[in-house]
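Asker: Sharing a structure, written as structure tokens. Questions coming.
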Ligand SMILES: Nc1ncnc2c1ncn2[C@@H]1O[C@H](COP(=O)(O)OP(=O)(O)OP(=O)(O)O)[C@@H](O)[C@H]1O
Ligand SMILES: [Mg+2]
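In our numbering, the protein residues as written are 529 to 874.
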């Protein structure tokens, strides 16, 4: 099922939580909504689910305008972070619940429901917990059961709001891989919310970056990381540093010193230069390079991060060097951007 979100606005007491959001999700796609707290991710998901209705704009499921339809009519499955399992029901009853409460006409037979629930237990790789109660499961197992419960109704669309939010890093990682594989097997159109960028980048076909009720950029993980469309996306995704520079006929200047012709095609004037730690290299050659005082040195996985205070404003820039390189930088260091990104300042 493909989903088309068209100029969606949602106000809560005049407060615009969503501000004209348009998004096309292809059938079978796995999409991540990523953004800081309060950017409107949950609101967008709840509108797609039918738990909330738009102030204006519309949502299409395929060719159908679903904007005013109920949750049941939309036939979506959802898992919310705090949407707990029913405590007084066994796992199998939890999973069967959505089918059992259907009207008589749409309800499968008892045997069919039991079969479907036990197939789902196999799918979530927990075949032996059918008769346990939620408190007898680990957090990760509970999340998988919640997912099975969402899948039981054979939803056209699966919506997940920070489904792994409360779990520790290792379990999250396992569940991510597991969910990705599950998605490949079942082929449900899936939209999931996270504010963990690693999770978004690693799992999804495309990432939707949101800020203040708007979409900043939609793209594959590579596009989002390598070609961020705005200063917000650049600084939100991955590690980055920023320098205030000026552009004069394609040449970039920092405190009056040329860094070279890095800004071809960009307008003259003040600009913001964004740099990633891995795109900088320490050099001895001062031509076109940037110098500054080493402020701190930290170990970061396989690299050492050298924080350098640059220029008159002592702006902090991080440079990554391999940790195996046995040198402890101090005093003044010079580095060169192998890659950078410039945006006009305004
Ligand atoms: N029912 C509501 N009534 C009033 N304001 C709301 C309501 N729901 C959300 N908001 C506001 O809308 C904005 C977007 O909220 P939303 O829950 O969509 O953010 P989010 O991106 O999911 O954030 P988080 O990462 O913290 O979950 C917030 O400023 C929030 O306070
Ligand atoms: Mg939220």
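Yeah, the Cβ is synthetic: ideal placement off N, Cα and C, and Gly gets one too.
So, helix, strand or coil for residue 793, using DSSP?
Answerer: Of the three classes helix, strand and coil, the one that applies to residue 793 here is coil, per DSSP.
Asker: Check whether the segment 727-735 touches the segment 547-566, taking contact to mean three or more Cβ pairs, one atom from each stretch, closer than 8 Å.
Answerer: The segment 727-735 is in contact with the segment 547-566.
Asker: In the DSSP assignment, find the unbroken alpha helix (DSSP H) run with residue 729 in it and report its ends.
Answerer: 725-731 is the extent of the alpha helix (DSSP H) around residue 729.
Asker: In the DSSP assignment, what residue or residues form a beta bridge with residue 847?
Answerer: DSSP lists 834 as partners of residue 847.
Asker: In the DSSP assignment, find the unbroken alpha helix (DSSP H) run with residue 759 in it and report its ends.
Answerer: Counting along the chain, the alpha helix (DSSP H) containing residue 759 begins and ends at 759-764.
Asker: Three-state secondary structure (DSSP) at residue 622?
Answerer: Helix, per DSSP.
Asker: What's the C-alpha gap between residue 807 and residue 813?
Answerer: Approximately 17 Å, taken between the alpha carbons.
Asker: Is the number of C-beta pairs between the segment 589-605 and the segment 649-664 that are closer than 8 Å three or more?
Answerer: At 8 Å Cβ cutoff, the stretches do not touch.
Asker: To which residues of the same chain is residue 787 closer than 6 Å at the C-beta, ignoring the five residues directly before and after it?
Answerer: Counting only Cβ-Cβ distances below 6 Å, and skipping sequence neighbours, we find 780, 816.
Asker: For residue 534, tell me which candidate among 709, 582, 675 has the shortest Cα-Cα distance.
Answerer: When each option's Cα is compared against that of residue 534, the closest is 582.
Asker: Near ligand 2, which residues have their beta-carbon less than 7 Å from any of its heavy atoms, given in chain order?
Answerer: Those residues, listed in chain order, are 569, 570, 689, 690, 721.
Asker: Given a threshold of 16 other Cβ atoms within 10 Å of its Cβ, counted over all protein chains shown, does residue 832 qualify as buried or as exposed?
Answerer: Label assigned to residue 832: buried.
Asker: Determine which residues share a DSSP beta bridge with residue 538 and list them.
Answerer: BP columns for residue 538 point to 546.
Asker: Report yes if the C-beta distance between residue 648 and residue 686 is below 7 Å; otherwise report no.
Answerer: Against a cut-off of 7 Å, the Cβ pair of residue 686 and residue 648 comes out as no contact.
Asker: Keeping to the same chain, check which residues put their C-beta closer than 6 Å to that of residue 545; ignore five residues upstream and five downstream.
Answerer: These residues qualify, in order along the chain: 538, 568, 571, 741.
Asker: Which first and last residues belong to the alpha helix (DSSP H) in which residue 749 is found?
Answerer: Looking at the DSSP string, the run of the alpha helix (DSSP H) that includes residue 749 is 749-754.
Asker: Hey, is residue 566 close to ligand 1, as in C-beta under 6 Å from one of its heavy atoms?
Answerer: Answer for residue 566: yes, Cβ within range of ligand 1.
Asker: So for residue 862, helix, strand or coil by DSSP?
Answerer: Reduced to three states, the DSSP call for residue 862 is strand.
Asker: Helix, strand or coil: which one does DSSP assign to residue 596?
Answerer: The answer is coil: DSSP assigns residue 596 none of H, G, I, E or B.
Asker: Between 783, 834, 830, 811, which has its C-alpha nearest residue 821's C-alpha?
Answerer: Of the candidates 783, 834, 830, 811, the one whose C-alpha sits nearest the C-alpha of residue 821 is 834.
Asker: By the three-class DSSP mapping on this structure, what secondary structure does residue 809 have?
Answerer: Here residue 809 sits in strand by DSSP.
Asker: Do you know how far the Cα of residue 669 is from the Cα of residue 852?
Answerer: About 40 Å.
Asker: How do the segment 697-717 and the segment 615-634 stand: do at least 3 beta-carbon pairs fall below 8 Å, yes or no?
Answerer: The segment 697-717, when compared against the segment 615-634, does not touch it at the 8 Å Cβ threshold.
Asker: What number of angstroms, rounded off, separates the C-alpha of residue 810 from the C-alpha of residue 859?
Answerer: Distance between the alpha carbons of residue 810 and residue 859 is about 13 Å.
Asker: Consult DSSP for residue 711 and reduce its assignment to one of helix, strand or coil.
Answerer: Correct three-state label for residue 711: helix.
Asker: In whole angstroms, give me the CA-to-CA distance for residue 585 and residue 693.
Answerer: C-alpha separation (whole angstroms): 30 Å.
Asker: Nearest by alpha-carbon distance to residue 871: which of 547, 799, 865 is it?
Answerer: Ranking 547, 799, 865 by Cα distance to residue 871 puts 799 first.
Asker: Who are the Cβ neighbours of residue 695 in its own chain at under 8 Å, not counting the five residues just before and after it?
Answerer: Within the same chain, residue 695 has close Cβ partners 667, 668, 671, 703.
Asker: Starting from residue 719, follow its DSSP beta bridges and name the residues at the other end.
Answerer: In DSSP, residue 719 forms a bridge with 559, 687.
Asker: Within 10 angstroms of its Cβ, does residue 634 collect 16 or more other Cβ (buried), or is it exposed?
Answerer: Residue 634 should be labelled exposed.
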